[in-house]
Amino acid sequence: MALDSLTMNAGACLVSEEMAQYFLTVDGQPGTYVLGDVSASSVRAPQVDRNRIFRARLGADTADQSIERLLLPFRRAAVPVTWYVDGCSKPNDLATRLVSHGLELRYFWTGMVRLLDGPVGEEDVPSGITVVDAVSPDEREQWMHVVLDGFGLTQFHDLESMLTETGVLSGRWHRLTALQNGTPVGGALLFAGDGVAGLHWLGVPQMFRKRGAGILLSREALAQAARMGYSHLVLQANPEVVSLYVRLGFDSVGDIAVFDWRPGIGALTVEPD
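Following this note's numbering, the residues of the sequence shown are numbered contiguously, the last one being 379.
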């Protein structure tokens, strides 16, 4: 197990904390603000697919009242909101309670953790692919386009400024671009939080897959996180890519249930992170 001295619960809480810090990093997102509450974190955004409630630590005796209080700003505005329930969410029956308050379970992510103390994999990667930091505005725009292409989201233009501008002022977003003969063939995001680092937005366009770009991007994120002094790198994975990260030495530390509340409109689509 790559968890080393971490228990499964500690690993799950590390994933939870990184996810919260990632969601709370809203510099570069005009009109997005954090709603204050002592028992949970939430973000209100102009784009309804980025309204979020997370890091809920509710008392069992008052959980139902707290759920309604947290939902109230979104209910009043009649806008959708997504609620994330992870291994450290409280109370233990939070998922069941959310359903009784009108939320719908949409899908699961898998929380994963890797200790940054050893080799990052033995798979061979074809030569000719390099990974560079995307820092300048032009480099960030190039990174944004290849990532959106990798996720099949090129038509979602509202994501463009979010991907190019978020985390620049705070310095928390470290964008990585894979290049082959000068052509962008993939991208990933290393999130540098307080005491925890995470991997997000790893995307390779269909035409460039099976060349090793995803492996190289993951390895570079691991290496950079280690150089920054982090002890672990965490991520929230879609089920279909869990096996990829297992090969890179990540361990699963539990599911993250993703719920939606919708005021009678069509299905809510949340961008993959």
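By construction, the Cβ of each residue, glycine as well, lies at the ideal position given by its N, Cα and C atoms. Predicted model only: the values in this text are computed from it and were never measured.
Rounded C-alpha distance that separates Ala-118 from Glu-346
C-alpha separation (whole angstroms): 20 Å.
So, for Thr-375: in the same chain, excluding its five sequence neighbours on each side, which residues have a beta-carbon less than 8 Å away from its beta-carbon?
Model confidence at Thr-375 stands at a pLDDT of 41, short of 50, so the residue's coordinates are unreliable and nothing is read from them.
Taking 8 Å as the cut-off, does the segment 194-202 touch the segment 297-308 (at least 3 CB pairs, one atom from each stretch)?
Proximity of the segment 297-308 to the segment 194-202 falls short of the contact definition, fewer than three beta-carbon pairs being nearer than 8 Å.
Once DSSP output is grouped into helix, strand and coil, what is the label at Leu-177?
Leu-177 falls in the helix class under three-state DSSP.
In three-state DSSP terms, what is Thr-113?
In the structure shown, the three-state DSSP call for Thr-113 is coil.
From Leu-222 to Ser-172, what distance separates their C-alpha atoms?
Approximately 38 Å, taken between the alpha carbons.
If you drop the 5 nearest sequence neighbours on each side, which residues of the same chain put their C-beta closer than 7 Å to that of Ala-373?
At Ala-373 the pLDDT is 39, less than 50, meaning the model places this residue with poor confidence and gives no usable figure here.
Nearest to Gln-318 by CA position, among Ala-329, Ala-284, His-338, Leu-339, is which residue?
The sequence shown places Gly at residue 318, not Gln. Relative to the Cα of Gly-318, the nearest Cα in the group Ala-329, Ala-284, His-338, Leu-339 belongs to Ala-284.
DSSP state of Val-238 mapped onto helix, strand, coil:
DSSP places Val-238 in the strand class (E or B) of the three-state scheme.
Candidates Leu-178, Arg-161, Ser-145, Val-238: which alpha carbon is nearest Gly-168's?
According to the sequence as given, residue 168 is Thr; it is not Gly. Checking every option, the nearest Cα to that of Thr-168 belongs to Ser-145.
Please go through the same chain and pick out, in chain order, the residues whose beta-carbon is closer than 7 Å to the beta-carbon of Leu-176, but skip the five residues on each side of it.
Result list for Leu-176: Asp-143, Ala-146, Ser-148, Ile-159, in chain order.
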